[in-house]
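If you're matching positions, the sequence shown starts at 0 in numbering that gives the first Met the number 0 and goes up one per residue.
Worksheet: the structure to be examined is printed underneath.
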Amino acid sequence: MGVPDLAAPTPATLPLTASPRPRPNWGQRVLRSLMWWVVSLAILILLGAILLMVIRATSPQVVPYTFDWRVVSERGFLLLWGLEWTLAISVISMVLSLVFGLLVAVMRLSPNPPLRNIATLYINFVRAIPLFVFIIWVYYGLSIVVGVNFSPIRAGVACRTLQYAGWLAEIFRAGIQAVDKGQWEASAGIGMSPSQSFVWIIMPQALRISIPPIANMFVGMLKDSSLVSVIGVFDLICQTQLAVSRTFRPFELYTAATAIYLVLTLGAARMVSMLEQRYRY
């Protein structure tokens, strides 16, 4: 019989290691996230109630307003019609802004001085003009000064596209410049032309970087769609104003319109967050 090796560890002397904690499954993660959202909303509601009590205690007494929410169900079809126009105008304007903004960004990064200067002037010009003034001038001013007439929808889409393209051009430029220069060198080393490197190597990485600010632009575009109501586009705000003029119940209808905008913006932000997680490095 062999002599046992006293230096060999026995099961009693082996170090104890903590067993790994099981990761929660998808349902548990969703339930936990939902629970924290409920807690957060409850805290916000409590703080809002306290703030409302303080305001009521420190403000002069006014005649209370009696809400009648039946008007929302009776005139809600007008808001739904306006919602269709709001979504259509926003999506069309965003798609055109992305295409035109990318073109301006490429011009802004061009080694050709005239192209670079034209893009720089365009970006600085359109970003300096308030969108409300821009819409008024394009729809009313051009017809007076130049004799060019636009339909309300075309004027609204054109103004939003031109202005947001200036902001998106700077977003694309920052995203392209954020890609490491070694990517250009590596693509050139495998025989790619500069245009091929830009399309297949640089631009996909720049888009990943640019997703969050592009999402912010789309949320802003959804809210700025209310400005086209000033030239007669029957968007959500215009239809809400029409319903208010017929019912004289502004608070209920504007509250409903605000809730619709809130659902739109939160939904868009959530979709972009999922897209960002999907294409995260």
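All C-beta atoms, glycine included, are put in the ideal place defined by N, C-alpha and C.
These numbers come from a predicted model, not from an experiment.
Under the three-state DSSP convention, the category residue i falls into
i           : result
residue 116 : helix
residue 34  : helix
residue 202 : helix
residue 77  : helix
residue 125 : helix
residue 248 : coil
residue 271 : helix
residue 233 : coil
residue 161 : helix
residue 266 : helix
residue 191 : coil
residue 183 : helix
residue 95  : helix
residue 209 : helix
residue 60  : coil
residue 146 : coil
Length of the line joining the Cα atoms of residue i and residue j
i           : j           : result
residue 114 : residue 96  : 19 Å
residue 90  : residue 161 : 14 Å
residue 183 : residue 104 : 17 Å
residue 25  : residue 128 : 47 Å
residue 243 : residue 225 : 16 Å
residue 57  : residue 265 : 34 Å
residue 116 : residue 193 : 22 Å
residue 35  : residue 152 : 43 Å
residue 263 : residue 110 : 41 Å
residue 119 : residue 100 : 12 Å
residue 43  : residue 54  : 16 Å
residue 256 : residue 197 : 43 Å
residue 102 : residue 170 : 12 Å
residue 203 : residue 277 : 13 Å
residue 180 : residue 188 : 13 Å
residue 73  : residue 145 : 44 Å
residue 272 : residue 207 : 12 Å
residue 282 : residue 30  : Any answer about residue 282 is impossible in this case: the structure gives the chain only from 0 up to 280.
residue 59  : residue 66  : 20 Å
residue 62  : residue 98  : 53 Å
residue 176 : residue 199 : 16 Å
residue 245 : residue 112 : 57 Å
Residue burial classification, residue i (beta-carbon count within 10 angstroms, cutoff 16)
i           : result
residue 143 : exposed
residue 85  : buried
residue 275 : exposed
residue 0   : Interpretation of residue 0 is limited by its pLDDT of 49, a score under 50 that renders its predicted location unreliable; the figure taken from the coordinates is listed afterwards. It counts as exposed.
residue 239 : buried
residue 168 : buried
residue 190 : exposed
residue 163 : buried
residue 39  : exposed
residue 93  : buried
residue 270 : exposed
residue 228 : buried
residue 49  : exposed
residue 248 : buried
Cβ separation of residue i and residue j, assumed to be a contact under 8 Å, to the nearest whole Å
i           : j           : result
residue 302 : residue 241 : The displayed coordinates of the chain run from 0 to 280. Any statement about residue 302 would go beyond what the structure contains.
residue 214 : residue 174 : With 8 Å as the limit, residue 214 and residue 174 do not qualify as a contact, their Cβ atoms being about 13 Å apart.
residue 233 : residue 267 : The Cβ separation is near 22 Å, so there is no contact.
residue 80  : residue 126 : Actually they are not in contact, since the Cβ atoms of residue 80 and residue 126 sit about 32 Å apart, beyond 8 Å.
residue 178 : residue 210 : At roughly 14 Å, the Cβ-Cβ gap does not stay under 8 Å, so residue 178 and residue 210 are not in contact.
Own chain, CB closer than 8 Å to residue i, minus 5 neighbours either side, in chain order
i           : result
residue 195 : 186
residue 172 : 104, 107, 108
residue 157 : 137, 149
residue 282 : Limits of the chain in this structure are 0 at one end and 280 at the other, which puts residue 282 out of reach.
residue 284 : Absent from the model: residue 284. The displayed extent of the chain is 0 to 280, so no value can be given.
residue 220 : 89, 92, 93, 96, 159, 163
residue 75  : 255
residue 122 : 103, 107, 165, 168, 169
residue 64  : 250
Beta-carbon proximity list for residue i, same chain, < 7 Å, skipping 5 on both sides
i           : result
residue 284 : Coverage of the chain is limited to positions 0 through 280, which leaves residue 284 absent and any answer about it impossible.
residue 154 : 134, 137, 138, 230
residue 13  : Residue confidence for residue 13 is low, a pLDDT of 49 falling below 50, so the modelled location carries little weight and cannot support an answer.
residue 68  : 251
residue 237 : 81, 228
8 Å Cβ cutoff, residue i in contact with chain B
i          : result
residue 54 : This model lacks chain B altogether; it includes just one protein chain.
Sequence-distant residues of the same chain with beta carbon closer than 6 Å to residue i, five excluded per side
i           : result
residue 141 : 147
residue 212 : 170
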